[in-house]
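Down below is the structure, laid out as structure tokens.
Chains as they are written, first to last, in our numbering: chain A, 112 to 434; chain B, 112 to 434.
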């Protein structure tokens, strides 16, 4: 069944007026897209981006250059259309849905206590699943993005706990910490993993203890996307932390992921290894918001347009290779 | 003067609602674009692509999988809108100008005699300069692309002669040769360089002897673009061969180049080293036609949209970093 689909996709690509394989990664992207949809004639009509925001109690530990208030301020900026993601979304015809997963109240400071209660975590997972069902009814490819001052700390803690890394191996500059700031951030993470005894803990326990509201809701979104076979474009380090949670809880969710770009955030390389993800772009970006996801979705759309709209050797009366 | 411009660009980027430097390569692309234009408030309105086609006598030596006739057939495909470049151009709002630089008659077989006469070569260089003047009046960023069965052989010969490489170091599969085919192609190139005594020859002599009509006309275009300060997006291996000729003849032309992508064609890495070019994309493409150039232009346009259209910290009432 899958082999038949792969054969049909290969035959369509090889009928197009170009040397075989000469569109490189674009040919692979179209194939992967068709495989997720289970349909060699799959098409992308509308693109959406789900942009999750949440506040993080861990900001009390001085792990970010920016004050926590910026999360709420950026929510207003998203609504007003002034953020990077808005500019890119307008240019690419992507609808952005901004979701307040817990701004204001925010998570608790996980240096002291678990970030969320079990109920708070379960609520976000469920809400994310509901979002994905909505998205599947509206879009043929959907990106996820996030905003939350402090959330690279949460993402690094998740990666360290699940992947068995020391914090020093996965902690990066976030919005721009200096070396001393990164070392402090890593100490905060190591201390929290120790305090809450997270080595060997369940994924759900890790998420609840050091995760964020936006990360939990994205994880729910990604698991449901896996169930629905909705193709999803991941953004950078934080969306990949949600993806790591999703894959550990529901391994089949991995099958619907595209990896848009390799982030400049330090732990992203290891995160991609954990997820076996090969990003499309490497532009040194580290903004989040889904900015990389939009660029990645654009390239998948390019791939699908080429796949469907190029002339065939026959229709264009072009001679095939002599090999 | 240039420092003032750089300061103005940096100040504009740093006023935008994002951590400093977090858009990575996109911030650099906007800076490079403004530097070429000499204007911190430069804008891109229209994008164009000049697509040069030429036939190659060297095809008589069996160095390509495709028959020479495909060049003319693909010209018709470009005009009908069925080629990869057409699909991408429609998606990105890029105007394509297809230029027959010498299809049909074609160059002579440089395994036997020089590909062009001095007059033929000079004509193409001049025609390319005229094209660039036209382009500068219509577009703020222009891509170059090419089509010509046999032209990876010509491009590899140019690189070997100018860069002092053996053919084996720079000869690749083109449209899909097997190992034996690549070895034959390299032998043809080495023999031609020897026969015409091209080691140490002038760049103009190299171009005339082993170049192609489309490569010569692109070289003229690129030199004139340098004079006019018209930003140009290069495509892959063959457009870079034209760029190498241009830079050797008029070094200042280098200042207007963007490198869209790292081609899968074998010699492109060395070509990029010769040109000190750092491509934006690495998608394993090896099609030509300007397909990579369109994707590269798109990312420069993304960069300029972000640079101009994002809200500032002040206008969006977002707090700046505390560092």
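Cβ coordinates follow ideal geometry from the N, Cα and C atoms, glycine included.
Tell me, please, which residues DSSP counts as bridged to residue i.
i                     : result
residue 211 (chain B) : B:164
residue 206 (chain A) : A:159
residue 423 (chain A) : A:127
residue 370 (chain A) : A:345
residue 258 (chain B) : B:164
residue 253 (chain B) : B:159 and B:343
residue 392 (chain B) : B:372
Does the beta-carbon of residue i have 16 or more other beta-carbons within 10 angstroms, so that it is buried, or is it exposed?
i                     : result
residue 428 (chain A) : exposed
residue 408 (chain A) : buried
residue 284 (chain B) : buried
residue 277 (chain B) : exposed
residue 112 (chain B) : exposed
residue 249 (chain B) : exposed
residue 190 (chain B) : exposed
residue 313 (chain B) : exposed
residue 171 (chain B) : exposed
residue 200 (chain A) : buried
residue 275 (chain B) : exposed
residue 204 (chain B) : exposed
residue 154 (chain A) : exposed
residue 435 (chain A) : Residue 435 (chain A) lies beyond the residue range present for chain A, which begins at 112 and ends at 434; the question has no answer from this structure.
residue 311 (chain A) : exposed
Is the Cβ-Cβ distance between residue i and residue j less than 9 Å?
i                     : j                     : result
residue 252 (chain B) : residue 377 (chain B) : no
residue 286 (chain B) : residue 130 (chain A) : yes
residue 240 (chain B) : residue 215 (chain B) : no
residue 256 (chain B) : residue 401 (chain B) : yes
residue 124 (chain A) : residue 134 (chain A) : yes
residue 385 (chain B) : residue 273 (chain B) : yes
residue 394 (chain B) : residue 137 (chain A) : yes
residue 323 (chain A) : residue 226 (chain A) : yes
residue 247 (chain A) : residue 321 (chain A) : no
residue 333 (chain B) : residue 404 (chain B) : no
residue 221 (chain A) : residue 297 (chain A) : no
residue 163 (chain B) : residue 121 (chain B) : no
residue 327 (chain B) : residue 232 (chain B) : yes
residue 280 (chain A) : residue 381 (chain A) : yes
residue 414 (chain B) : residue 349 (chain B) : no
residue 128 (chain B) : residue 416 (chain A) : no
residue 143 (chain B) : residue 243 (chain B) : no
residue 174 (chain A) : residue 295 (chain A) : yes
residue 355 (chain A) : residue 373 (chain A) : no
residue 371 (chain B) : residue 398 (chain B) : no
residue 193 (chain B) : residue 426 (chain A) : yes
residue 347 (chain B) : residue 396 (chain B) : yes
residue 271 (chain A) : residue 282 (chain A) : yes
Determine whether the Cβ of residue i lies closer than 9 Å to any Cβ atom of chain C.
i                     : result
residue 429 (chain B) : Any reference to chain C falls outside this structure, whose protein chains are A and B.
Note the first and the last residue of the continuous alpha helix (DSSP H) segment covering residue i.
i                     : result
residue 234 (chain A) : 229–249
residue 282 (chain B) : No alpha helix (DSSP H) contains residue 282 (chain B), which DSSP labels as neither H nor E.
residue 292 (chain B) : 290–306
residue 316 (chain A) : 314–321
residue 189 (chain A) : 180–191
residue 147 (chain B) : 136–148
residue 381 (chain B) : 379–386
For residue i, which of the options has the nearest alpha-carbon?
i                     : options                       : result
residue 360 (chain A) : A:374, A:316 and A:217        : A:316
residue 352 (chain A) : A:368, A:295, A:340 and A:338 : A:368
residue 418 (chain B) : B:126, B:112, B:113 and B:115 : B:126
residue 292 (chain A) : A:306, A:261 and A:198        : A:261
residue 340 (chain A) : A:318, A:349 and A:363        : A:363
residue 229 (chain A) : A:319, A:301, A:155 and A:142 : A:319
residue 159 (chain A) : A:176, A:397, A:197 and A:224 : A:197
residue 186 (chain A) : A:300, A:325 and A:271        : A:325
residue 146 (chain A) : A:118, A:371 and A:396        : A:118
residue 432 (chain B) : A:312, A:155 and A:177        : A:177
residue 166 (chain B) : B:180, B:155 and B:157        : B:180
residue 254 (chain B) : B:207, B:237, B:421 and B:338 : B:207
residue 237 (chain B) : B:389, B:357, B:426 and B:396 : B:357
residue 223 (chain B) : B:423, B:245 and B:300        : B:300
residue 259 (chain A) : A:218, A:157 and A:235        : A:218
residue 161 (chain A) : A:337, A:329, A:375 and A:389 : A:329
residue 366 (chain A) : A:387, A:424, A:337 and A:390 : A:337
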